[in-house]
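Comments concern the structure below.
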Amino acid sequence: MLFGVTLFIFSITAFFSPVQRAALYVRDVKQLADLEQIIQHFGLDRPIVMQYGTWLGQVLTGNLGYSKIAGMPVWNAIWHFLPATMEIVIFAVPLIILIGVFLGSKAAANKDKPVDHATRLMAIAGWSLPSFWLGLLLIMVFYGYFGGFLPPGRLSLQMDIVVNSAAFIRYTHINTIDAILNLNGSVLLDALRHLILPVITISVINVAFIMRLMRSSMLESLGKGYILTARAKGLPERTVVNKHARRNALIPVLTVSGYLFAGLASGAVITETIFYYKGIGFWAWQSAVNLDISAILGFAMFTAVLFVLVNLVVDVLYTRVDPRVRLGGTVQ
Amino acid sequence: MSDWKLTARQLVRNPLSLLGIIIITLYIAIAVFAPLIAPTPEGHQDPYMIPRESYGATPQPPSQEHKLGTTEGQYDIFYGVIWGARSAFRVALVVIVITLVIGILLGSLAGYFGGTIDEVIMRITDIFLAFPWLILAMAIVSAIGPSLKSVMIALCAVWWPSYARLIRGDILQVREEDYVEAARGLGASSRRVIMRHVLPNAIYPALIMASLDIGAVVLSAAALSFLGLGASEGYADWGQMTQFARNWMIGPAGDPFKYWYAVLTPGIFILFFVLGWNLLGDAFRDVFDPRLARR
């Protein structure tokens, strides 16, 4: 699987002629005369299979090429920009799952009642909303209209200086966590204020997605025999819904949290671009616009590998959560 | 055919899907009659390029001459959103038709023959699905060079695996039907069995899914254009027009919403376009999923 991913990424580079790829190494106009030599030096005219072999060897040792935009090797750039994105993710994921699960089970428990119709409309509107446009509107209203509050970026200028001073120890490079560890309230507040709008922007579509999934999963679970049994025993409806139905309905939600992760990687590009939030998505966007090919391909490969690994973890978790899987039974 | 009538009746009776149908019809009308609604000025070469009279940066508010104002670069917003409906349908139809053809081809090969062919094709779809769609699309667009054509190519690359899988799944079911067995027993060739007996009975869910994906395709294309990876500057494209508004989100002090027309208009056109398809799609899903309908 991972092998296939690398092969595919490499085949994208095959779109380019050797001359084009050699040009990526050129930093000075005078060097243009030496293009032939560069092609020779890096073996860009060798058979494609051999080039793939060399390239794969480099990738496996963590050499993904050099990102001109970031001014550092792609591998370092990924680790440099990742904490900012993780900062959005650690706030967005719990929010998305909590709201999505809550609204989804409410809708299912009240099927065809006003609550259900309202959440359905919310979900449809949510995933019809262009998230880039939503971001613009949020800035327009909250930054423009309410004046001076929540400016784009990760931190305000003064706080940026505080964070980069010697007294402030950067444990994780995730501003909010670092602020808590350094017991610095003003940095924490500032970082949170910068986070609110990006987190809202990135959450809207994904909440809609989890909500609909939870609703159908809940409906399925509410129709099962054990629900009938629980009701027949005279248990209060609340207990039946919250305990018997919801627990079982959560399993598919867990499965898609892997996809949610991938969804966030995509969403982060748009969100970070709008809010000038310098995370990995912002870097990917700049690389793509400025044709920093090794950066964008390296990043694509990184996300794909991450996604495969996350799915693997989800599969393992699945067996922990659902005894039917662990004991080799079949899930219906 | 009475099935289809029943479905149609269910869709029209549901207020949400009826609203969806109305919105979609409206957009189709806008796209078809674009030359009448927003006539191309005399002597203007390509009607898909938004005409402009000057090159000033600052958007201008709605006026007699520019019904919805102008956006950055003095592009006429009214002309842009009307012709943008045409480009939206153009992108969506191209992408949907190409991905469907690829999906049907590979999906039916995988589903009908099974074994190694199935394994190989499914692993390939796995690889494509391992990438977050936007990042794969960005990588492809920046590799071929940003243009509307590369956006379509990138979206095709992102979209085909899900159709291939859907069709494979449906074919796996149909393959086991008695009439397929009978056709094979009578000595029909694989090609004939697939084309005459399996595909016609397996293809409808995919066709419906695909046609309802038009909204999603347009939304994705708009996102790419917004990121500056789409059509060339000045092309009538909603995503690009939203991008033009990026520098004008906030008006001068005391008048924060000064440039609202540049920010709101293109986004509203995208929103309602996608909303129309999603409203219809949601209703379709209920009609076609009897497990949920019965309860």
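Residue numbers (our numbering), protein chains in the order written: chain A, 4 to 335; chain B, 7 to 301.
Every residue gets a Cβ at the ideal spot worked out from N, C-alpha and C, and that includes glycine.
Does DSSP classify residue i as helix, strand or coil?
i, result
"B:P41", "helix"
"B:I248", "In the sequence as presented, Ile is not what sits at residue 248 of chain B; that position holds Thr. Reduced to three states, the DSSP call for B:T248 is helix."
"B:M255", "coil"
"B:Q70", "coil"
"B:Y241", "strand"
"A:T242", "helix"
"B:S23", "helix"
"B:D82", "strand"
"A:S70", "strand"
"B:T76", "strand"
"B:P138", "coil"
"B:P272", "helix"
"A:T333", "Any reading at A:T333 needs caution, since the residue's pLDDT is 48, under 50, leaving its predicted position unreliable; the model's value is listed next. Reduced to three states, the DSSP call for A:T333 is coil."
"A:P133", "coil"
"A:P86", "helix"
"A:P76", "strand"
"B:S168", "helix"
"B:F290", "helix"
Please list the partners that residue i has in chain B, where partner means a Cβ-to-Cβ separation under 9 Å.
i, result
"A:G7", "R129, I130, D132, I133, A136"
"A:I299", "I141, M144, A145, S148, A149"
"A:I296", "A145, S148, A149"
"A:F94", "What A:F94 touches in chain B: nothing, since even the nearest Cβ is about 19 Å away."
Quick one: which chain B residues come within Cβ less than 8 Å of residue i?
i, result
"A:I276", "The sequence as given places Thr at residue 276 of chain A; Ile does not occur at that position. Going along chain B in sequence order, the residues near A:T276 (Cβ under 8 Å) are L233."
"A:Y139", "According to the sequence as given, residue 139 of chain A is Leu; it is not Tyr. Neighbours of A:L139 on chain B, chain order: T248, A251, R252, M255, V269, G273."
"A:M143", "M255, I256, P262, F263, W266, V269"
Is residue i buried or exposed, if buried means 16 or more other CB atoms sit within 10 Å of its CB?
i, result
"A:S149", "The question names Ser, but residue 149 of chain A is Phe in the sequence shown. It counts as exposed."
"B:E125", "exposed"
"A:W82", "exposed"
"A:S108", "buried"
"B:G191", "exposed"
"B:R301", "Confidence is the limiting factor: at B:R301 the pLDDT is only 36, short of 50, which leaves the residue's position unreliable and the question unanswerable from this model."
"A:S189", "exposed"
"A:E275", "buried"
"A:M304", "buried"
"B:Q51", "exposed"
"A:T333", "Reliability of the predicted coordinates at A:T333 is poor, the pLDDT of 48 falling under 50, and the value obtained from them is presented with this limitation in mind. When all chains shown are included, A:T333 counts as exposed."
"B:F290", "buried"
"A:N167", "exposed"
For a contact meaning CB atoms closer than 8 Å, what does residue i contact in chain A?
i, result
"B:L17", "Under the 8 Å cutoff, chain A gives no residues; its nearest Cβ is about 15 Å from B:L17."
"B:T64", "Those within 8 Å of B:T64 in chain A number zero; the least Cβ separation is about 16 Å."
"B:L285", "I127"
"B:A229", "P133, S134, F135, I273"
"B:M215", "Chain A residues near B:M215: none, gap ~15 Å exceeds 8 Å."
"B:L225", "S131, P133"
"B:D124", "Within 8 Å Cβ-Cβ: nothing; B:D124 doesn't reach chain A, min ~16 Å."
Could you tell me if the beta carbon of residue i falls within a distance shorter than 7 Å of some heavy atom in the ligand FAD?
i, result
"A:I199", "For the structure depicted, the ligand FAD is absent and the ligand set is empty, with no information on it obtainable."
So with CB distances below 7 Å, who are the chain B contacts of residue i?
i, result
"A:V311", "A136"
"A:W288", "L233"
"A:T306", "F137, P138, I141"
Can you name the residues of chain A whose CB is closer than 9 Å to the CB of residue i?
i, result
"B:V280", "W130, S131, L132, P133"
For a contact defined as C-beta to C-beta under 7 Å, what are the partners of residue i on chain A?
i, result
"B:I276", "P133, W136"
"B:D219", "Ordered by position in chain A, no residue passes the 7 Å Cβ test against B:D219, which lies about 12 Å from the chain."
Roughly how far, in whole angstroms, is the beta-carbon of residue i from the beta-carbon of residue j, given that I think they are within contact range, below 8 Å?
i, j, result
"B:L161", "B:A227", "6 Å"
"B:R174", "B:G117", "4 Å"
* Asked: Would you call the region 291–303 of chain A and the region 133–151 of chain B touching, i.e. three or more CB-CB distances under 8 Å?
  -> yes
* **contact_flag[the region 206–221 of chain B, the region 59–67 of chain B] where n(CB pairs < 8 Å) is 3 or more** => no
* To do: Evaluate contact between the region 266–283 of chain B and the region 184–203 of chain B, counting only Cβ atoms and requiring at least three cross-stretch pairs below 8 Å.
  => no
* **Touching by the beta-carbon criterion (3+ pairs, under 8 Å), the region 158–178 of chain B and the region 238–250 of chain B** => no
* Could you tell me whether the region 199–210 of chain B touches the region 109–116 of chain B, where touching means 3 or more Cβ pairs closer than 8 Å? => yes
* Can at least three beta-carbon pairs, one atom from the region 64–83 of chain B and one from the region 20–32 of chain B, be found at a separation below 8 Å? -> no
* **Stretch pair the region 171–184 of chain A + the region 307–324 of chain A: three plus CB contacts closer than 8 Å** => Verdict: no, contact absent.
* Asked: Does the region 209–226 of chain A touch the region 93–108 of chain A, meaning 3 or more C-beta pairs lie closer than 8 Å?
  -> yes
* Asked: How about the region 114–121 of chain A and the region 94–105 of chain A: do they share at least three Cβ pairs that are nearer than 8 Å?
  -> no
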